Structures are given as C-alpha cells and as structure tokens.
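Residue numbers (our numbering): 254 to 872.
For glycine and all other residues, C-beta sits at the position ideal for the given N, C-alpha and C.
Computed from a predicted model, the values in this text were never measured in an experiment.
Scroll down for the structure; my scribbles are underneath it.
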C-alpha cells in the first residue's frame, strides 16, 4: 500500500515508511505527508510514452529513456525541462531556450543528428521527444580508452563531425553549434556519431553585430564567443580542432584554454592543420569545414603508416580491462580482495556474496547464508580476513556471519546489533571484527563472537570504519562533517584520540594509509582530504571531482589514492601532491564499492549489479 511506503527522492526505490535511509542507494529519505511524483515514477507521459529509466541529469532537467506505446514500444529519448528553483525571468529564458532547440532540430535531417518527434508540456514541465541513441558519449569513451584514441578512430569520428557541421553551416540560414565537445557527441557501438544537445546553437544572421549571450565550454569554445562579435561557422572549426588535439594527445583543453602544445610524432601537415583550426584570430582560421574534411582525407591517405605507428607507441596499459563480472541480480554494495589478489568477494542487494576469479570472470562460490535471515533485503558489507581463511558478511537486518572461504561453512553468527550493519572491518591481526549499526560500534572476537568492547558515539550515524595497521586504532566517518580516531586499549576500553572537521558535508568513506600515519576521507562536499592521524593536521585536499565522492582506497604502497564520485568518474591521483594520474569511467554514476588489489596491480569497482576490474599500473 502507498501509505506503507516512502519513495527515495534520489533513486525512486520504494522503502518502508519507518526507514530513515534508502535500502537501494543509502541516501537519507525525506518523509513528507504525501509522496512526490517525479517523471521516473509517472506511468505514461502524454498518455503515450512509458518512462523506463533516467539516463542523465543536468542543472535544468533530465533525459530519460522511454518507449512509444503507440508505435510498437519503439525506444525514444525524452528531454525534460524542470523550472524548479528558477525565478520568473530565468524560467522564461529556460523555456524559450528549450523551445528554440525543439524548433531548430525539427527542421533538420542528417544521419549524424537525432530525429525530433514532438515537444509538449505536461504538469508544468516541458518535454522533447527524440531518437534514443544506444551508445556512450565521446567523453566517456575517451576516459575508457585512457584519454586518447588510435588514428583510425580519430579519423572516423572527425570525418563524421565534419559532415554534420558542413550540413549545419550550409543551411539557408547557417546554424552554428557553438558547444562542440566530447560530452555532446554520442558514439554507437558501430561508431556512428551523433551530435546532441542543441540548447545553445544559434542561427547566423548576416549584419548582426554580436550574439545575444556568450556561450561555450571552456577549452573548446573559440575566443570570439567571449567577445562582442557575432559567432561565425569558424567557431565550430576551432572547437573541432580542440577535440582533434585532445583525441591525439589525451590532454583536456579545459586545463589550459587557448594554449595547445605541439603533438609529437605526427606529420607536419597534420600539425599545420591543427594550427590553422586553432588560430585565435577568427579571420586567420580555416573558414569552411569542407577544407578541414579535404585536408584530413589527404593527410590520412599520405601518412597512414606513420600515424598508425605513432599511436601504437603512445598506447598506455593503465586502465586496460581485465574482466567484468555480471553475476549479481542486485546492486553491488561491497568488494573485498583475497590476500592473493586472484579472487574477489562481492556482496549485493540480491542477498548473496559471490567469490569469483578475476582472470576468467567465473564464479567460484556463492554464499547465501544470510538468506536464512527472513528480514534481510541486502548484504551490506563483505570483508576477507587478513589470512584469507575466513570471510565476514553483514546484512541490513543487523546480522554478521563469519564463514570459511573454501567450504563456505558458517562458523559464527553475530546477532547483537539489531539494525542495519553499515560497515564491517577485520583487525589487521585477524582476531577481531568491528561492525557498526547507526551510531553503535561493536568490537568482537571472530572466533566465538564474544563482544570485547562497544561504543555509542555522541555523533550521528557512522557511515564508514577502518582499522590502523597497528591493530589498536580505528577511524570513524560520520553522516556529518566529522571524522573521529579512537584508541582501543589493551583493557578493551575506548580513548578518543582526534576529531577532524575539515569537510563541509557528510563523510562517505574513510581509509587508513598503509603505514598508519594518515587518513583519507571522502565526502559529499565533493572532496577527498588527507590528514595526519595523530594531530588532525590536513596534508592534502583533492578537488578533482565535481559531485559527491562515495568511496576511495589507498594503493598498497601508499603513494596513490583511487576515488569514485557521482560525477561518473573514477580517478587515480598522487596522495603526496594531489595531481591527477588517470581517469576511468565508472560505468554507473553511483559507485558504492572500490578496492585496490593487495599486489597493487588491479582496481575493482562496482557499477550497479556489475563489477569491473582494470589495470592500475603501466606494467
């Protein structure tokens, strides 16, 4: 019954009315007198389009995958404009921009453009129905490939972009796209290119002195888009040149706008073309995209062997896929490597823990002991013992089970905590287990379940725990801007060592450095911070993510950190100076679990019900 459920505002999952946190995504639930409908929960839009899932969300709306029930359930994409939080003027401007995009696309027909079917308003929101494009953005594809591509792919993508830009620029009234960048380019599995998001495209009007408003993305937008003159087709050529340079070098142009280094190991003719496309003076830049297309064809024909060999020398191995594991039927909540680095235990909301081999991607064992718990809806945490003989798994009904990794024999069930277990960790010597539920921390013997210490903290819910390598300190990350270090004495009493309050929002994950001197904490404030465990002094703050950072892990040598964020990226960065080393796509915006292998060679990350393992080093 509706009265017995509350819907999560973050993911839309139905929860029991008494729940405080969503069982699916773990975000806080907002209790109101009546459930609020969102587009994702509406059965049909316009009595025709059935919404299936949200594909993405931006500042003024979302994009959904839907099916057209009047045309054989044909898949479509629906772009939604939400005016929530806008004043009257902003709302009018957003609505005009949205209608402009619909009208602009409606009159276009090209193999590299999505078709527009209709636009309409319903329940105070505007909708645009268009082709559903199966694939990924060029931005995600570049991340997956380590930042740059082989010449054969660069050429194929660039030629298709030239074709669609030529079409736009030669309309009776030329259309300037003005925001050409990898995020606005879709790639299908067969590498068909689609140009998407015409929200800021403009018609070129001869005689008009300047654009109404300056638009464009830093690094890709031509300098005149920030000036007083009207944007001309050559602005799109500049953006295409920036993308071409990025695909060749792996360098994001946003890092150094208007400054492009020479590309090593390419023909002089290709470097000359880049220089002409990226000339800061629009009057000196190549004027027509047809010229770019012709030049690319000539360069590729005359220098194919040189371009191919230069790219092969530059191909990195970091980020190379090792395997993907699709064995779960629910969201993967926790990952733990075997000490030998050849097996992974993954816990899921399907109420199982599965052990599988990273070389073959095949399941070796399935543990469903927690299924005996009738109230359980999810396995929330799994942890491999330091010696590798045992695993511990915790469910959302407050039960922890310890079992053997080879025979799957349950050796002990710990039932003292009555609510959802939010975190679980073995002591480094393998004798004790720490488990937390809400604001309660219990330390107990893994052999017989004897509780040796318990603590009810004076803070909010504990989201994460970690042991120090010395076996006597723990760090607690709270659902508020607070991290605490506590000491477990030999008499099994508690001593508070330090409190760190450097964050501006809730703590999502904490991890101790391998040498036990530093702590890394990930937060909803979009940062990861590294600080000294003994003094609370901050040593480093990492600003590389643009959304909540849900999880992190140290490399075994303590030199690097891998962190995953709701911004859709997994990033490896230097723990000493905070410089970014590598970016990998997360395959799903919400990554709840990530783990660096004990041998330092691999990283495993969850993506909904899948787990991906990839190379963490250049070796």
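Beta-carbon proximity list for residue i, same chain, < 6 Å, skipping 5 on both sides
| i | result |
| --- | --- |
| residue 556 | 520 |
| residue 621 | 605 |
| residue 694 | 708 |
| residue 285 | Residue placement at residue 285 is poorly supported in this model, since its pLDDT is 47, which falls under 50; the coordinates are not used for a value here. |
| residue 532 | 538 |
| residue 397 | 838 |
| residue 836 | 396, 822, 824 |
Under 7 Å between C-beta atoms of residue i and residue j
| i | j | result |
| --- | --- | --- |
| residue 741 | residue 797 | no |
| residue 473 | residue 488 | no |
| residue 407 | residue 500 | yes |
| residue 360 | residue 441 | no |
| residue 383 | residue 364 | no |
| residue 608 | residue 598 | yes |
| residue 378 | residue 409 | no |
| residue 690 | residue 672 | yes |
| residue 702 | residue 753 | no |
| residue 436 | residue 390 | yes |
Buried versus exposed call for residue i [16 or more other C-beta atoms within 10 Å across all chains shown]
| i | result |
| --- | --- |
| residue 810 | exposed |
| residue 700 | exposed |
| residue 649 | buried |
| residue 362 | exposed |
| residue 651 | buried |
| residue 634 | buried |
| residue 866 | buried |
| residue 547 | exposed |
| residue 844 | buried |
| residue 304 | buried |
| residue 202 | A question about residue 202 goes unanswered here, because the residues of the chain that appear run from 254 up to 872. |
| residue 375 | exposed |
| residue 659 | exposed |
| residue 479 | exposed |
| residue 759 | buried |
| residue 744 | exposed |
| residue 596 | buried |
| residue 506 | buried |
Contacts around residue i, its chain only, beta-carbon distance under 7 Å, and the 5 residues preceding and following it disregarded
| i | result |
| --- | --- |
| residue 490 | 530, 538, 539, 542, 545 |
| residue 800 | 779, 818, 819, 820 |
| residue 301 | 321, 322, 323 |
| residue 698 | 684, 685, 705 |
| residue 713 | 692, 731, 732, 733 |
Closest by C-alpha distance to residue i, when choosing among the options
| i | options | result |
| --- | --- | --- |
| residue 870 | 813, 862, 391 | 813 |
| residue 772 | 509, 719, 437 | 719 |
| residue 592 | 301, 635, 359, 851 | 851 |
| residue 757 | 736, 512, 867 | 736 |
| residue 526 | 553, 341, 589 | 553 |
| residue 645 | 674, 630, 617 | 674 |
| residue 511 | 471, 548, 497, 547 | 471 |
| residue 636 | 678, 792, 826, 476 | 678 |
| residue 249 | 653, 618, 614, 640 | A query on residue 249 cannot be resolved here, the shown segment of the chain reaching from 254 to 872 and no further. |
| residue 357 | 485, 508, 795, 449 | 449 |
| residue 831 | 443, 666, 669, 816 | 816 |
| residue 711 | 692, 507, 696, 629 | 692 |
| residue 848 | 643, 587, 664 | 587 |
| residue 373 | 392, 665, 352 | 352 |
| residue 619 | 639, 613, 656, 638 | 656 |
Own chain, CB closer than 8 Å to residue i, minus 5 neighbours either side, in chain order
| i | result |
| --- | --- |
| residue 493 | 411, 414, 415, 418, 433, 530, 542, 545 |
| residue 862 | 579, 581, 582, 583, 584, 585, 601, 603 |
| residue 761 | 716, 717, 730, 775, 776, 777, 801, 802, 803, 804 |
| residue 566 | Caution applies to residue 566, whose pLDDT of 44 falls short of 50 and renders its modelled position unreliable; the value that the coordinates give is listed next. Once the five neighbours on either side are set aside, the close Cβ partners of residue 566 are 518. |
| residue 534 | none |
| residue 330 | 308, 316, 317, 318, 319, 367, 382, 383, 384, 385, 386 |
| residue 516 | 498, 501, 502, 523, 524, 527 |
| residue 405 | 561 |
| residue 629 | 604, 623, 648, 649, 650, 652 |
| residue 641 | 591, 592, 593, 658 |
| residue 549 | 408, 411, 412, 415, 526 |
Determine, using beta-carbon pairs with one atom in the region 393-409 and one in the region 344-354, whether at least three such pairs fall under 8 Å.
-> No, the region 393-409 does not touch the region 344-354.
Using 8 Å as the threshold, is the region 742-749 in touch with the region 760-768, meaning 3 or more CB pairs across them?
-> Verdict: no, contact absent.
Taking one C-beta from the region 569-585 and one from the region 855-863 each time, how about it: are there three or more such pairs within less than 8 Å?
-> Taking a cut-off of 8 Å for Cβ pairs, the region 569-585 and the region 855-863 touch, as three or more such pairs fall below it.
Does the count of Cβ pairs from the region 714-733 and the region 678-685 closer than 8 Å reach three?
-> Contact between the region 714-733 and the region 678-685 is present, because at least three Cβ pairs lie under 8 Å.
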